[in-house]
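Enquirer: The sequence shown begins at 33 in my numbering and counts up one residue at a time. The C-beta atom is built at its ideal place from N, Cα and C for all residues, glycine as well. Since the structure is predicted, the reported quantities are computational estimates derived from the model, not experimental observations.
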Amino acid sequence: MFLIGDIGGTKVHLAYFDQDRLVKEEKFPSRHASSLDEILEKFIDAPIEKSCLAIAGPIRGRKVRLTNLSWEIDADQLEKQHSISKVDLINDVEASGWGIRSLKPQDLLTLNSGSLQPGNRAVIAAGTGMGISGLYWDGKQHLPFASEGGHIDFAPRDAVDKQLWDYLHKKYGHVSLERVVSGPGLEHLYWFLIEKGKSKSLLEGEEIPKLVVERGLAGDSLCQEALRWFAALYGAAAGNIALQFLSHGGVYLAGGIAPKMAKILQQGQFLQAFVDKGRMQEVLQQIPVHVVLNESLPLLGALEYCQRN
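#1: Just to check my reading of the structure: Val-207 and Leu-200 have Cβ atoms closer than 8 Å, yes? What is that Cβ distance to the nearest angstrom?
#2: Would you tell me roughly how many angstroms separate the C-alpha atoms of Asp-108 and Arg-94, rounded to the nearest one?
#3: According to DSSP, Lys-292 sits in a beta bridge with which residue or residues?
#4: Let me know if Gln-317 comes out buried or exposed under the rule of 16 or more other beta-carbons within 10 Å of its beta-carbon.
#5: Could you name the residues of the same chain whose beta carbon sits closer than 6 Å to that of Arg-247, not counting the 5 residues immediately before and after it, in chain order?
#6: Within the continuous alpha helix (DSSP H) that includes Phe-186, where are the two ends?
#7: Looking only at its own chain, which residues have a Cβ that is under 6 Å from the Cβ of Leu-243, when we skip the five neighbours before and after it?
#8: Who are the Cβ neighbours of Lys-194 in its own chain at under 7 Å, not counting the five residues just before and after it?
#9: Verify the CB distance criterion: does Gly-287 have a CB-CB separation below 8 Å to chain D?
#10: Between which two residues does the alpha helix (DSSP H) holding Lys-112 run?
#11: On the three-state DSSP scale, how would you describe Ser-165?
#12: Under three-state DSSP, which class holds Lys-95?
#13: Taking His-220 as part of the alpha helix (DSSP H), name the residues at either end of that continuous run.
#14: What alpha helix (DSSP H) runs, 4 residues minimum, are completely inside the segment 230 to 272?
#15: Can you tell me whether Gly-171 is buried or exposed? The criterion is at least 16 other CB atoms within 10 Å of its CB, across all chains shown.
#16: How would you label Leu-148, buried or exposed, when you count the other beta carbons within 10 angstroms and need 16 or more for buried?
#17: Excluding five sequence neighbours on each side, which residues of the same chain lie with their C-beta closer than 7 Å to the C-beta of Leu-249?
#18: What does the alpha-carbon distance come out to for the pair Leu-167 and Glu-73?
#19: So, are the CB atoms of Ile-116 and Ile-80 less than 8 Å apart?
#20: Could you check which residue in His-280, Val-315, Gln-276, Phe-262 has the C-alpha nearest to that of Gln-298?
#21: Flag this pair as touching only if the segment 133 to 150 and the segment 176 to 191 have three or more C-beta atom pairs under 8 Å; answer yes or no.
#22: Using only alpha-carbon positions, find the residue among Pro-241, His-64, Glu-180, Glu-327 that is nearest to Ile-273.
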């Protein structure tokens, strides 16, 4: 039996697989637990042969500290504590890269058909944070690799973006891409527009990004403005990443946000910003871009990795 997990700042998604067959799965809110062990104690009820956990953070050897949660995970400790013969830890967006090959046509929404060619791919996952992985094409297969590209500098494109940069710089100092293109980033855009006098806030609570998406799709003008701006910022970032990885094999938008605001991403702001790279516009026009609708992508990838190793 394989124990497969997707461990993030918002939720923990665990599953048992008997080879390819799903036996059991369950989701837990991350912030309601003090550690991953606390959740595993509730879930594990059968002997485990191997485990692969996809984790939202930089893997260092056999250990990882989550980027957006104060958990430390040690693979050796998990093996001993839960009597597992082998535990592998991989970055969650790297796992998403391994999962791409398992997707079905209905799992994808295409924003740009482009001209599919053999070549590298990119996975860009905006959710609680911003994760980026590449898939190197070696001539026969795609080999995913992790990055911490979500923490590169945010690059303003115009005067309004620069005002946003100034606003975030006062709050945080370093303004990373993740501060802008993520769930918390969408909330930053919303409050920035409020402070600019665009409107009075009607939203309260801890789930502002979710409410902005829901209200925007329902027709609220301020939330729509925030979503369209977010789509453009996401597109600009995705275009930069596509050029960095030379992703002729496609760009895949994973994570929790893209599927929820797919209607906004289809309106044009995303794709216009994606290709707006001067002399590289024609290159980007040929790169396929897809929204991944299957939110179990990291889990599928962790299973693929477990089976290969």
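Expert: In this structure, then:
#1: Confirmed, about 5 Å.
#2: Rounded to whole angstroms, Asp-108 to Arg-94 spans 7 Å at the Cα level.
#3: Looking at the DSSP output, Lys-292 sits in no beta bridge, so it has no partner there.
#4: Under this definition Gln-317 is an exposed residue.
#5: If we look at Arg-247 and ignore the five residues flanking it on each side, its Cβ neighbours are Cys-255.
#6: Run containing Phe-186: none; DSSP gives neither H nor E here.
#7: Counting only residues of its own chain and dropping the five nearest sequence neighbours on each side, Leu-243 has a CB closer than 6 Å to the CB of Leu-235.
#8: Annotation for Lys-194: Pro-188 place their beta carbon closer than 7 Å to its own, counting only its chain and skipping 5 residues before and after.
#9: In the structure shown, chain D does not exist; there is a single protein chain.
#10: 107 to 114 is the span of the alpha helix (DSSP H), which, as asked, contains Lys-112.
#11: When secondary structure is reduced to three states using DSSP, Ser-165 falls in the strand class.
#12: In the displayed model, Lys-95 falls within a strand according to three-state DSSP.
#13: Element bounds for His-220: 215 to 227.
#14: Listed in chain order, they are 240 to 249.
#15: Of the residues assessed, Gly-171 falls on the exposed side of the cut-off, its CB having fewer than 16 other CB atoms within 10 angstroms.
#16: Under this definition Leu-148 is an exposed residue.
#17: Within its own chain, the residues whose Cβ lies closer than 7 Å to the Cβ of Leu-249, once the five positions on either side in sequence are excluded, are Lys-295, listed in chain order.
#18: Rounded to the nearest angstrom, the gap between the Cα atoms of Leu-167 and Glu-73 is 34 Å.
#19: Yes, the pair counts as a contact, with Cβ atoms nearer than the cut-off.
#20: Of the candidates His-280, Val-315, Gln-276, Phe-262, the one whose C-alpha sits nearest the C-alpha of Gln-298 is Phe-262.
#21: Between the segment 133 to 150 and the segment 176 to 191, the count of Cβ pairs shorter than 8 Å is below three; the stretches do not touch.
#22: Minimum Cα distance to Ile-273 is reached at Glu-180.
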